[in-house]
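Q:
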Amino acid sequence: MTAELASIIDFIRYGASRFSAAGLTFGHSHDNPIDEATHLVLASLHLPPDIPPAYGAGKLTAEERARVLNLIERRVNERLPVAYLVGETWFAGLKFKSDRRALVPRSPIAELIESGFTPWLDGRHVERALDLCTGSGCIGIAMAEYNPHWQVDIVDISDDALSLARENVAFQHVDDRVDVVRSDLFVGLKGRQYDLIVSNPPYVTEDEYAALPGEYSHEPKLGLTSGDDGLDICLRILDEAADYLSEDGLLIVEVGESEHALNALLPDVPFVWIEFKVGPMGVFALERRELVEYAAVIRAAASARRPR
Numbered sequence: 001m002t003a004e005l006a007s008i009i010d011f012i013r014y015g016a017s018r019f020s021a022a023g024l025t026f027g028h029s030h031d032n033p034i035d036e037a038t039h040l041v042l043a044s045l046h047l048p049p050d051i052p053p054a055y056g057a058g059k060l061t062a063e064e065r066a067r068v069l070n071l072i073e074r075r076v077n078e079r080l081p082v083a084y085l086v087g088e089t090w091f092a093g094l095k096f097k098s099d100r101r102a103l104v105p106r107s108p109i110a111e112l113i114e115s116g117f118t119p120w121l122d123g124r125h126v127e128r129a130l131d132l133c134t135g136s137g138c139i140g141i142a143m144a145e146y147n148p149h150w151q152v153d154i155v156d157i158s159d160d161a162l163s164l165a166r167e168n169v170a171f172q173h174v175d176d177r178v179d180v181v182r183s184d185l186f187v188g189l190k191g192r193q194y195d196l197i198v199s200n201p202p203y204v205t206e207d208e209y210a211a212l213p214g215e216y217s218h219e220p221k222l223g224l225t226s227g228d229d230g231l232d233i234c235l236r237i238l239d240e241a242a243d244y245l246s247e248d249g250l251l252i253v254e255v256g257e258s259e260h261a262l263n264a265l266l267p268d269v270p271f272v273w274i275e276f277k278v279g280p281m282g283v284f285a286l287e288r289r290e291l292v293e294y295a296a297v298i299r300a301a302a303s304a305r306r307p308r
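First residue of the sequence shown? That's 1 in UniProt numbering, and the numbers climb one at a time after it.
Here it is, written out as structure tokens:
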């Protein structure tokens with residue numbers, strides 16, 4: 001086989017064919033076998049994803065061929081996400097370290113960051129922003145990269161995730177603008193206030209988690225599940241966020257498929273569901289004043305599921 005496969009494009013084609021034949025699931029940064037194979041091959045060769053097409057004809061050394069083939073087979077046999085196999089992935093146009101300490105970076109919020117949060121932040125003054133449930137740190141670090149005048153706090157309860165986030169802060173050289181904080185949501189943030197709070201919290205239901213493909217079993221469950229309807233953590237955020245937002249502050253939260261459950265639970269709250277290039281993705285925006293106005297119904301919903 002190694003004699004028949006020679007060039008970069010050969011291995012990308014072979015990998016895509018193997019992935020398709022094996023019936024793999026694609027949900028960690030890519031949605032198809034060709035992009036997945038491209039990520040695996042280029043990253044394993046220490047090449048960027050935007051190399052000119054002419055490089056596709058470049059030949060691999062014997063050592064490189066063996067390494068790439070081994071990774072392709074591990075992807076098929078172990079159902080490991082490519083990002084974990086190669087130790088890196090891309091989010092909002094930036095490269096991040098990725099391993100089992102945190103979820104593989106993926107969120108439609110990347111599109112908001114790249115577009116400057118237009119129109120949501122148009123005309124607003126932002127000095128401090130918060131990335132709540134940061135995981136690998138990708139959202140908060142990307143916000144700092146795209147907005148050099150912002151001070152950004154990135155927060156998580158997981159020590160493993162925060163260790164990876166700190167590595168990514170150093171990797172992206174944003175140490176002077178990003179503060180890494182261990183906190184159970186807002187508990188460790190007393191006295192801090194933000195003009196923008198962004199969160200991609202756990203929102204997978206227990207039933208959904210039980211049915212997830214094998215690829216997701218390699219990720220920390222803590223970063224995925226949030227109760228029977230996926231809303232336990234989201235409701236805590238809604239209940240507490242107003243106290244940490246400036247007067248004109250904005251809250252943006254991703255809840256994925258739990259959007260329907262949230263609308264049913266809080267039908268009077270004026271969630272604005274953001275449209276992305278590919279359509280709705282379960283991300284809402286709420287003004288601080290709306291959080292205050294509907295505080296009573298939000299508090300009642302959040303309190304109903306707290307341990308007595």
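Even for Gly, the Cβ is constructed at its ideal location relative to N, Cα and C.
1) Nearest by alpha-carbon distance to Met143: which of Thr205, Glu114, Ala304, Gly191 is it?
2) Express the C-alpha separation of Asn32 and Phe26 in angstroms, rounding to a whole number.
3) Starting from Thr38, follow the alpha helix (DSSP H) in both directions and report where the run begins and ends.
4) Within 10 angstroms of its Cβ, does Ala210 collect 16 or more other Cβ (buried), or is it exposed?
5) Specify, as a first and last residue, the run of the alpha helix (DSSP H) that Asp184 falls within.
6) Tell me which residue opens and which closes the beta strand (DSSP E) that Val82 is part of.
7) Enumerate in chain order the residues of its own chain whose CB-to-CB distance from Tyr14 is below 6 Å, with the five nearest sequence positions on each side excluded.
8) On a Cα-Cα basis, can you pick out the residue from Tyr244, Ala301, Gly137, Arg192 that is closest to Leu265?
9) Using the Cβ count rule (16 or more neighbours within 10 Å means buried), how would you classify Tyr55?
10) Measuring CB atoms only, is the segment 131-140 touching the segment 90-105, in the sense that at least three cross pairs come out at less than 8 Å?
11) Within the same chain, show all residues whose beta-carbon is closer than 7 Å to that of Arg74, passing over the 5 residues directly before and after it, in chain order.
12) Can you grab the Cα-Cα spacing for the pair Asn263 / Val204, in whole Å?
13) Kindly provide the ranges of any alpha helix (DSSP H) runs that are 4 or more residues long and lie completely inside the segment 230-265, ordered along the chain.
14) Roughly how many angstroms separate the alpha carbons of Tyr194 and Asp268, rounded to a whole number?
15) At 4 residues or longer, and completely inside the UniProt domain "Methyltransferase small" (122-208): list those alpha helix (DSSP H) runs for me, N to C.
16) I need the boundaries of the alpha helix (DSSP H) containing Val292, first residue and last residue.
17) Within a Cβ cutoff of 7 Å, which residues of the same chain sit near Ala83, ignoring the five residues on either side of it in sequence?
18) Taking DSSP as the reference, what is the three-state secondary structure of Phe276?
19) Check Ala21 in the structure and name its three-state DSSP category.
20) Just how far apart, CA to CA, sit Glu127 and Leu164?
21) DSSP three-state call for Cys94: helix, strand or coil?
22) Does the beta-carbon distance from residue 309 to Ile141 come in below 8 Å?
23) For the alpha helix (DSSP H) containing Leu112, name the first residue and the last one.
24) Within its chain, find whatever has a CB closer than 7 Å to the CB of Glu287; leave out the 5 residues flanking it on each side and keep chain order.
25) Which residues bound the alpha helix (DSSP H) around Leu71?
26) Measure the C-alpha to C-alpha separation of Ala285 and Leu47 and round it to an integer number of angstroms.
27) Does the distance from the CB of Ile197 to the CB of Leu245 come in under 8 Å?
28) For Ala304, is the classification buried or exposed, using 16 other Cβ atoms within 10 angstroms of its Cβ as the cut-off for buried?
29) What does a CB cutoff of less than 8 Å around Arg308 pick up in its chain, not counting 5 residues either side in sequence?
30) Taking just the CA atoms, how far does Lys95 sit from Phe186?
A: Short version:
1) Walking along the sequence shown from the start, residue 143 turns up at place 143. If we check each option's Cα against that of Met143, Glu114 comes out closest.
2) For the purposes of this step, residue 26 is identified with residue 26 of the sequence shown, where counting begins at 1. For the purposes of this step, residue 32 is identified with residue 32 of the sequence shown, where counting begins at 1. In this model, Phe26 and Asn32 are separated by some 6 Å (Cα to Cα).
3) Counting from one through the sequence shown, the residue named residue 38 turns up at place 38. DSSP places Thr38 in the uninterrupted alpha helix (DSSP H) bounded by 33-44.
4) As a position in the sequence shown, residue 210 is number 210, starting the count at 1. Around the CB of Ala210, fewer than 16 other CB atoms lie within 10 Å, so the residue is classed as exposed.
5) Position 184 of the sequence shown, counted from the first residue, corresponds to residue 184. Annotation: Asp184 is outside any alpha helix (DSSP H) and is labelled neither H nor E by DSSP.
6) On the sequence shown, residue 82 is found 82 positions in, with the first residue counted as 1. Where Val82 is concerned, there is no enclosing beta strand (DSSP E), although the alpha helix (DSSP H) it sits in stretches over 82-86.
7) In the sequence shown, the residue the question calls residue 14 occupies position 14. Cβ-Cβ distances below 6 Å link Tyr14 to Leu5 in the same chain, with the five nearest sequence neighbours on each side left out; the list follows chain order.
8) Taking the sequence shown and counting its residues from 1, the one referred to as residue 265 is at position 265. Ranking the options by Cα distance to Leu265, first place goes to Ala301.
9) Position 55 of the sequence shown holds residue 55. The Cβ neighbour count for Tyr55, taken over all protein chains shown within 10 Å, is under 16; the residue is labelled exposed.
10) Because the criterion of three Cβ pairs below 8 Å is met, the segment 131-140 and the segment 90-105 touch.
11) Walking along the sequence shown from the start, residue 74 turns up at place 74. Excluding residues within five positions, the ones whose Cβ falls inside 7 Å are Leu80, Leu85.
12) One-based indexing of the sequence shown puts residue 263 at position 263. One-based indexing of the sequence shown puts residue 204 at position 204. So the two alpha carbons sit approximately 16 Å from each other.
13) Correct list: 232-240, 259-265.
14) Counted from its first residue, the sequence shown places residue 194 at position 194. Counted from its first residue, the sequence shown places residue 268 at position 268. Between Tyr194 and Asp268, the C-alpha separation is close to 25 Å.
15) 138-146, 159-171, all fully within the UniProt domain "Methyltransferase small" (122-208).
16) Counted from its first residue, the sequence shown places residue 292 at position 292. That run of the alpha helix (DSSP H) goes 288-293.
17) Indexing the sequence shown from 1 puts residue 83 at position 83. Exclusion of the five residues before and after Ala83 leaves His28, Ser29, Thr89, Ser98, Val104 as the residues of its chain whose Cβ lies within less than 7 Å of its Cβ.
18) Locating residue 276 in the sequence shown gives position 276, where the first residue counts as 1. Here Phe276 sits in strand by DSSP.
19) As a first step, residue 21 is located in the sequence shown; it is residue number 21 there, counting from the start. Here Ala21 sits in helix by DSSP.
20) Here residue 127 refers to the residue found at position 127 when the sequence shown is read from its first residue. Here residue 164 refers to the residue found at position 164 when the sequence shown is read from its first residue. Each residue's Cα considered, the two are about 25 Å apart.
21) In the sequence shown, residue 94 corresponds to position 94, counting from 1. A quick correction: the sequence has Leu, not Cys, at residue 94. Under the three-state reduction of DSSP, Leu94 is assigned to strand.
22) The structure shown does not extend to residue 309, since the chain spans only 1 to 308, so no value can be given for it.
23) The count along the sequence shown starts at 1 and reaches residue 112 at position 112. Leu112 -> alpha helix (DSSP H) spans 109-114.
24) Reading the sequence shown from its first residue, position 287 is the one you call residue 287. The residues are Leu250.
25) Position 71 of the sequence shown, counted from the start, is the residue given in the question as residue 71. In the DSSP annotation of this structure, the continuous segment of the alpha helix (DSSP H) that includes Leu71 starts and ends at 62-78.
26) Here residue 285 is taken as the residue at index 285 of the sequence shown, counted from 1. Here residue 47 is taken as the residue at index 47 of the sequence shown, counted from 1. Near 37 Å, if we compare the C-alpha coordinates of Leu47 and Ala285.
27) Along the sequence shown, read from residue 1 onward, the residue named residue 197 stands at position 197. Along the sequence shown, read from residue 1 onward, the residue named residue 245 stands at position 245. It is a contact, given that the beta carbons lie within the stated cut-off.
28) As a working mapping, residue 304 is identified with position 304 in the sequence shown. By the neighbour-count rule (16 or more Cβ atoms within 10 Å), Ala304 is not buried but exposed.
29) Taking the sequence shown and counting its residues from 1, one reaches residue 308 at position 308. Legend: pLDDT at Arg308 = 47, less than 50; position of this residue unreliable, value from coordinates given subsequently. Around Arg308: no qualifying Cβ.
30) Taking the first residue of the sequence shown as position 1, residue 186 is located at position 186. Taking the first residue of the sequence shown as position 1, residue 95 is located at position 95. Straight across, the Cα-Cα distance linking Phe186 with Lys95 is about 28 Å.
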